[in-house]
Amino acid sequence: MSAALTCRTCGGEPREGARFCDACGAPMTVPRPAAEYKQVTVLFADVVRSMDIAASQGAERLREMMADLLDRSAAAVKRYGGTLSQFTGDGIMAVFGAPIMLEDHAFRACMAALDIQKEVGSTLPLRIGLNSGQVIAGEIGSSVAPYTTIGEQVGMAQRMESAAPPGGVMLGESTARLVENAVLLADRELVRIKGTNVPVAARRLLAAGGAHPTARIESTLVGRTWELDTVTAILAETTTGMGGVVNIVGPAGIGKSRLIREVSAVAAKGELPVFTTYCESHTSDVPFHVIGRLMRAISGVEGLDRQAARAHLRAQTPHIGADDVRMLEDLLGIRDPTETLPAIGPDARRRRLTALIKASSTARTEPAVYVVEDAHWIDEASESMLADFIAVIPQTRSLMLITYRPEYEGALTRTQGTQTIALRPLTDEQVTTLTKELLGTDPSLGGLTALVAERAAGNPFFAEETVRDLAERGVLVGRPGSYQLHGDVTSVDVPASLQATIGARIDRLDPAAKRTLNAAAVVGMRFDAELLTALVEEHDVTPLIEAQLVDQVRFTPSAEYSFRHPLIRAVAYEAQLKADRALLHRRLASAIESRKPGDENAALIAEHLEAAGDLSGAFGWHMRAATWSTWRNIAAARSSWNRAKQVADRLSDDVPDHMAMRIAARTQLCANAYRLGVKGLDTGFEELRRLCTAAGDQRSLAVGTCGLLMARQLEGLGHEQESSRLASELLQLLDAIDDPTLVVALSVPPMSANMEAGRFSTVLALAQRVIDLAEGDVTGGRMLTVSPLTTALSYRGLNRCLMGLPGWRDDFAQAIEAADTIEPAMRSGALWTVRLIPIANGILLPDAVALRETTEILSAAEQFGDDFVLDMARATRAITVVHQEGPLRDEGYQLLAELAASDTYHFSNNLRVIQLHLAREKARTGDLDGAVELVRAALDELYAAEAAQWIAKATSVLVESLLRRRLDSDVDEAQRAIDRLAAYPTEPGFVLHDLWLLQLRALLADARGDKATYRDCRDRYRQMATGLDFEGHMAWAAAMD
């Protein structure tokens, strides 16, 4: 036997065939809502020993008793707003909170259970069990099946019934927690139930103790006088040119957005423009999402079509170059898709956009207010740009307001000069004042004000929600601030998540409005009519606004809406079945792709496809998003690769190409890890190796090995042996794969590793192999290195000169010629090899050509390169200019000092090179103690790293500093340093150390007054320098008397 059809409005059971509900008059022809998740309490009541009753009383008498049980139980269930779901033969199942969700479903179920025991238990011995939690409520299968609830909580309620004593009511722990302050419960006990050997906690319901509703209503600001006055005072200061940044932090519902609205109203009264952006949880991985939205507001292009927006923007920026305008258009999402972006690195793009934004802000003469809401969901790219933007706010007549939750600890919380206001819960007095304002002072309200204030626990949102829900359910009658209590309310309980409270409000919507709300929840915190149309044929937003679930935040040229609070969206979203949400997410992804074609929305499309369960599709879009971000923001690209990896790992093994997907994402993560400049970063290489070995994918393994090798080389000291091992493994892989293109693409890091290890003949062989296979193609094999051929020519030239072999000048010339054909920002690697190392080691002199080249590559790197390229360009420029006289030398040493002090310098392996040059400058300016101390440490690390091309240079700085200082032990220490260099093992034919040793021995002999040895070493030094054609050493030798 099944329960009759129930009314979806009130849960009543009308007469068979009735067109309208007998209880509330609602039409019965309204389609039932889709199955959905709901927070409910399930009640099971069962007659004890019903078979014995049948045997002793007869079947007819048992039938009469069961009918009486059903009638009385149904009445009690209906009395407290529940729904009789099933008659089980010797008992009933009832549900509280479905089809209409009830915020106090557990308390109502308890009251109904007590009434059932009181009314039926005197004639029939009953066991009753209750349990609360999330279930799926709705029809199952065909339309013949009744509305019912299924889920683990239903089964647990039945287990509680079996554990109850005759005449008793047993509560599961979830129910007991909800009603422990509203009813009288026995002590916690452990009971054994069917299906598990582990006892579970339960509590017996002894007696009634109260009731508990909840809800929300907008009110005037209460309890934030100090905070509002403080921010208003800071706002006033901005009009005098003293800009400021204020962070407002607090948990959800505490009043952050409300304080922002109050300050914005003050600004509006003063005719100050307010530019607002907001962050959303589902866009935290979408790069530039937040900053783009803020810039659209500032630039005034919001609401314009793309063509009109571009015209408006260009009219505002007549003095900005075409490339910068296109980048701004791209950031604002209004770029003409037929125009290509300038070929620049992501870090350069960020720097240029930040510079434009900062320049625009500082140029603004009128005061303004900028608002960033919910920064705990900000995307990394926007966070970085806003952090830089904030740095110039004090120089403007502007106020920046940022809100976030306490768990956020990102860059926006650490900017200097920022003032932070932490919103604490309202005091008991303040929340009582708020509740009185919401309710009014009618005598009928009695103790309700105190009950609401107590349950709100200092959270104004909770208090407002409680009052609103009471009003909507008819417990309060009248208007806000002037209510009367209709009925008796002795207890109010606000659930921790507010899910039941908000869900109850949502369930009171008509079907069309509820479908609209559910679709909007899938879109996000904010949504527009166009996207709703793609999801719901006949959407209706008006009832949502009237119910104060949604606000309209933009009216022209097209309407845009926002959920009044994130919890409202969360409840609407999570109530939907995953299958229903998946369908909407899939349709939304398709709509976004059609509406805004292009990979700039790839990350958002990937998010929706992933939520839809289309993991293969989501993987592809995550990879596309990473590709789009690779040269815009490497951190965002890495985030997308990580998401792709996570998606691939969720694919079952029977999905075609699942292994290839898992490998592809990890390959890119490993290959590009070096670009982040994060020391000790886990590249995931071992997992990649395991997968590639299992799949027999040597190519991906080679690419990943190459990326790991580059990362370890840049980390410097302590990774030399690992780098050497990885270089060897990579070369073996390349030999096994036997793909000329791959050999060209991946041979540069092994060259560098062998160069660092002093295996110069190996470097020459590798360089020659790349040169031969490249066949003159400058960009052939471009993968992790821009131009392998250019690098190979550079390395061949450098190693030839270090080994005293001819042809090195021709190699340098060819390398420079090849570098001239690639992007200027990417030439710094070649100049490091053919300019910096030779100049620092006395092979070349820093002539005008070298100065011009380093000027050009530094300028290009600042404009177009990422931070990795910029760091190399800055170091190349600095070390080049410090080896000449004049003002440029001071500029170079300043640049070196900045690099040495930077926590984000990408080339940790070159820090010792920078230190030895800084020591050289200390010695030149007379700080000999500082020079000796600094270069000693650098030299020890160079020996540890086996950096043969730099050991002699560092030794020369140490020896010259010691001989100039001339403390008692300095000459002897100089001797030991020279002996150490002489004893260092190098490959046969390596001439650099021999040349330096002749110079240093001459200087040491001169310091000791040994003229004969001095002249002998000097003359041999001159002869060797001239024979090698090393310009710097020739000049130094000529200057020696």
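For the working numbering, add 14 to where a residue sits in the sequence shown, where the first one is 1.
Cβ atoms here follow ideal geometry from the backbone N, Cα and C, with glycine treated the same way.
All values derive from a computational prediction rather than experimental measurement.
Cβ-based neighbour list, residue i, same chain, cut-off 8 angstroms, excluding 5 preceding and 5 following
i	result
TYR1035	LEU1009, LEU1012, GLN1013, ALA1016, HIS1047, ALA1051 and MET1054
ALA741	LEU723, PRO763, PRO764, ALA767 and ASN768
LEU1006	LEU816, ASN855, ALA962, GLN963 and ALA966
PHE878	PRO356, ALA357, ILE358, GLY359, ALA362, GLU837, PRO838 and ALA839
PRO180	VAL62, PRO139, LEU140 and ARG141
LYS610	GLY347
LEU1018	VAL973, LEU977, VAL985, ALA988, GLN989 and ILE992
Run of the beta strand (DSSP E) containing residue i, from where it starts to where it stops
i	result
LYS52	50-61
MET399	No beta strand (DSSP E) contains MET399, which is instead part of the alpha helix (DSSP H) from 394-406.
ALA32	ALA32 -> no beta strand (DSSP E), and no H or E assigned at all.
GLY169	Run containing GLY169: none in the beta strand (DSSP E); it sits in the alpha helix (DSSP H), 166-177.
ASP565	564-568
GLU353	Segment: none, GLU353 is in no beta strand (DSSP E) and carries neither H nor E.
GLU789	Here GLU789 belongs to no beta strand (DSSP E), and DSSP marks it neither H nor E.
SER496	496-499
GLY186	183-186
ARG320	Taken as a continuous stretch (DSSP letters only), ARG320 belongs to no beta strand (DSSP E), being part of the alpha helix (DSSP H) at 320-330.
TYR384	382-387
PHE577	574-577
Unbroken alpha helix (DSSP H) run spanning residue i, endpoints
i	result
SER10	Here the chain covers residues 15 to 1055 and nothing more, so residue 10 does not appear.
GLN746	734-751
LEU1012	1006-1022
GLU153	That residue, GLU153, is in no alpha helix (DSSP H); its beta strand (DSSP E) goes 140-153.
GLU607	592-609
THR1058	Since the first residue of the chain shown is 15 and the last is 1055, residue 1058 is not available in this structure.
MET1038	1025-1042
MET1054	Unbroken run through MET1054: none, as it is neither H nor E.
LEU760	754-760
Close Cβ partners of residue i (< 6 angstroms) along its chain, the five nearest in sequence each way excluded
i	result
ASP299	ALA617 and SER653
ILE231	A caution first: ILE231 carries a pLDDT of 43, below 50, which makes its placement in the model unreliable, though a value can still be read off. So the list reads LEU452, GLU478, VAL481, ARG482 and PRO494, once near-sequence residues are dropped.
VAL245	VAL260 and VAL277
ALA658	PHE633, HIS636, MET637 and ALA679
ALA90	ALA126, ASP129 and ILE130
ASP982	none
ASP984	LEU976
TRP642	ASP613 and ALA616
LEU884	ALA875
PRO509	Bear in mind that the predicted position of PRO509 carries a pLDDT of just 45, short of 50, making it unreliable; the figure below should be weighed with that in mind. Hits under 6 angstroms: none found.
SER511	Bear in mind that a pLDDT of 44 at SER511, under 50, signals an unreliable position, so the model cannot answer this.
Supposed close pair residue i, residue j - CB separation, criterion 8 angstroms
i	j	result
THR894	PRO852	Incorrect: roughly 10 angstroms between the Cβ atoms, too far for contact.
ARG950	LEU972	6 angstroms
ARG397	LEU426	Note that residue 397 is Glu in the sequence shown, not Arg. With a Cβ gap of about 6 angstroms, GLU397 and LEU426 count as contacting.
GLU1001	PHE774	5 angstroms
LEU787	PRO754	5 angstroms
ILE516	LEU465	Contact doesn't hold; Cβ gap of about 20 angstroms is too wide.
VAL585	TYR575	Contact doesn't hold; Cβ gap of about 17 angstroms is too wide.
VAL149	VAL304	Not quite, the Cβ-Cβ distance comes to about 37 angstroms (not below 8 angstroms), so this is no contact.
ASN473	GLY237	Not really, about 11 angstroms apart at Cβ, beyond 8 angstroms.
Neighbourhood of residue i by C-beta, 7 angstroms cutoff - its chain only, sequence neighbours within 5 removed
i	result
THR547	HIS553
GLN1037	none
TYR422	ALA389 and HIS390
LEU745	PRO764
GLU251	GLY258
**Request:** Write down every uninterrupted run of the alpha helix (DSSP H) in the region 897-955 whose length is 4 residues or greater and which is fully enclosed by it, in chain order.
**Result:** 901-915 and 925-938
**Item:** 4-residue-minimum alpha helix (DSSP H) runs that sit fully inside the region 831-858, ordered along the chain
**Value:** 842-845 and 851-854
**Any beta strand (DSSP E) of 3 or more consecutive residues that is wholly inside the region 213-289** = 214-222 and 258-263
**Message:** Suppose only complete runs of 3+ residues qualify. What are the beta strand (DSSP E) ranges in the region 410-457, listed by chain order?
**Reply:** 412-418 and 433-436
**Asked** Could you give the uninterrupted runs of the alpha helix (DSSP H) lying entirely in the region 534-559, keeping only those of 4 residues or more?
**Response** 543-549
**Request:** Would you check if the region 806-823 and the region 843-850 touch, i.e. whether three or more CB-CB distances between them fall below 8 angstroms?
**Result:** yes
**the region 132-146 contacting the region 45-65, beta-carbon criterion three pairs below 8 angstroms** = yes
**Message:** Can you confirm whether the region 415-422 touches the region 312-323 when touching is taken to mean that 3 or more C-beta pairs between the two stretches lie within less than 8 angstroms?
**Reply:** no
**Prompt:** Which full runs of the alpha helix (DSSP H) of 4+ residues lie inside the region 663-699, going along the chain?
**Reply:** 672-685
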